[in-house]
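First the structure, in the form of structure tokens, and then the observations on it.
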């Protein structure tokens with residue numbers, strides 16, 4: 001199956017967003033990341049900053065059950081917590097983009113799960129803690145005393161959001177076509193490897 005869309009899941013501070021943008025530039029296609037959140041916020045009439053907190057803040061099943069029992073007359077989607085509504089809306093937007101664009105790069109947002117049936121070349125970017133903390137301090141402007149804690153919390157939010165919405169395990173590398181250690185390879189080389197692997201993989205189907 002040809003895989004024309006590149007999806008990237010990434011640990012906090014691994015540079016996945018930068019790598020995704022670099023790969024998209026090399027291929028001459030668009031890269032979607034925060035734009036998905038902004039499009040969702042616009043449709044919902046809510047500030048992106050507000051949705052950003054809900055996007056990866058998955059409620060517990062107990063709280064969700066209380067919400068459902070308290071509002072039995074509402075539709076299932078109306079009863080959903082904001083985090084689940086965000087996921088559904090983002091999924092719709094991502095599929096709409098896939099309907100209109102043959103190829104693009106999507107960073108995060110359970111892309112490999114949402115676009116699986118359409119054919120996506122899935123990538124996972126990771127790095128050791130020391131390298132990720134260094135990037136958080138130097139590139140993201142995080143205070144050194146808070147960097148490690150922020151990194152751990154961000155990873156936990158991403159992992160929970162992914163696991164709950166997909167029924168899979170975020171860091172299970174078996175579900176990705178390509179896993180890259182950005183601390184060892186660097187951002188530019190990671191992007192080059194993604195592009196080369198993506199092109200060579202899809203070339204097999206063009207030859208048939």
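Numbering (this note's numbering), first residue to last: 1 to 208.
From the three backbone atoms N, C-alpha and C, an ideal C-beta is built for every residue, glycine too.
This one's a predicted model, so the numbers in the text were calculated from it and none came from an experiment.
- Task: Name the residue from 88, 112, 37 and 106 whose alpha carbon lies nearest to the alpha carbon of residue 171.
- Result: Counting from 1 along the chain shown, the entry for residue 171 is found at position 171. The option with the nearest alpha carbon to residue 171 is 112.
- Message: Could you compute how far the alpha carbon of residue 141 sits from the alpha carbon of residue 205?
- Response: By 1-based counting over the chain shown, the position of residue 141 is 141. By 1-based counting over the chain shown, the position of residue 205 is 205. Each residue's Cα considered, the two are about 44 Å apart.
- Query: Fully enclosed by the stretch 116-158, which alpha helix (DSSP H) runs are 4 residues long or longer?
  - Reply: 129-138
- Task: Check each candidate in 23, 28 and 18 and name the one with the smallest Cα separation from residue 34.
- Result: Reading the chain shown from its first residue, position 34 is the one you call residue 34. Among 23, 28 and 18, the Cα nearest to that of residue 34 belongs to 18.
- Figure out for me which residue from 98, 132, 129 and 203 has the closest Cα to the Cα of residue 118. If you number the chain shown from 1, residue 118 lands on position 118. Comparing Cα-Cα distances from residue 118 to each of 98, 132, 129 and 203, the minimum goes to 98.
- Item | Of the listed residues 25, 86, 52 and 41, nearest to residue 154 (C-alpha basis) | For the purposes of this step, residue 154 is taken as the residue at position 154 of the chain shown. Of 25, 86, 52 and 41, the residue nearest in Cα terms is 52.
- Can you check whether the CB of residue 192 is closer than 8 Å to the CB of residue 269? The requested residue 269 does not occur in the structure, where the chain is confined to residues 1 to 208.
- C-beta atoms of residue 10 and residue 150 nearer than 8 Å: As a working mapping, residue 10 is identified with position 10 in the chain shown. As a working mapping, residue 150 is identified with position 150 in the chain shown. Taking 8 Å as the Cβ cut-off, residue 10 and residue 150 do not qualify as a contacting pair.
- Task: Take residue 133 and list the residues in its own chain whose beta-carbon comes closer than 7 Å to its own, dropping the five residues that flank it on each side.
- Result: As a position in the chain shown, residue 133 is number 133, starting the count at 1. Within the same chain, residue 133 has close Cβ partners 13, 147, 148 and 151.
- Please state if the CB of residue 7 and the CB of residue 115 are separated by a distance shorter than 8 Å. Position 115 of the chain shown, counted from the first residue, corresponds to residue 115. Position 7 of the chain shown, counted from the first residue, corresponds to residue 7. Their beta carbons are under 8 Å apart, which means residue 115 touches residue 7 by this criterion.
- Message: I need the straight-line Cα distance from residue 39 to residue 162, nearest angstrom please.
- Response: On the chain shown, position 39 is the one that residue 39 refers to. On the chain shown, position 162 is the one that residue 162 refers to. Each residue's alpha carbon lies about 20 Å from the other.
- Determine the DSSP secondary structure at residue 162, reduced to helix, strand or coil. The residue given as residue 162 occupies position 162 in the chain shown. Residue 162: helix per DSSP, three-state reduction.
- Per DSSP, what kind of secondary structure is residue 10 in: helix, strand or coil? Taking the chain shown and counting its residues from 1, the one referred to as residue 10 is at position 10. Residue state, collapsed to three classes: strand.
- Query: Considering only residues of the same chain and omitting the five flanking positions on each side of residue 214, which have a CB-CB separation below 7 Å?
  - Reply: Outside the displayed span of the chain (1 to 208) sits residue 214, for which this structure offers no information.
- Residue ranges of each beta strand (DSSP E) run of no fewer than 3 residues wholly in the stretch 18-51, ordered along the chain? 30-32
- residue 144: which of 130, 156 and 41 sits nearest, CA to CA? Against the chain shown, residue 144 aligns to sequence position 144. Taking only the C-alpha atoms, the option nearest residue 144 is 130.
- Item | Beta-carbon spacing of residue 3, residue 104 below 8 Å | Numbered from 1 along the chain shown, position 3 holds the residue referred to as residue 3. Numbered from 1 along the chain shown, position 104 holds the residue referred to as residue 104. No, Cβ-Cβ distance for residue 3 and residue 104 is not below 8 Å.
- Query: Taking the Cβ atom as the reference point for each residue, do residue 123 and residue 180 lie within a distance shorter than 8 Å?
  - Reply: The sequence position of residue 123 within the chain shown is 123, counting from 1. The sequence position of residue 180 within the chain shown is 180, counting from 1. Yes; because the gap between Cβ atoms is below 8 Å, this pair is in contact.
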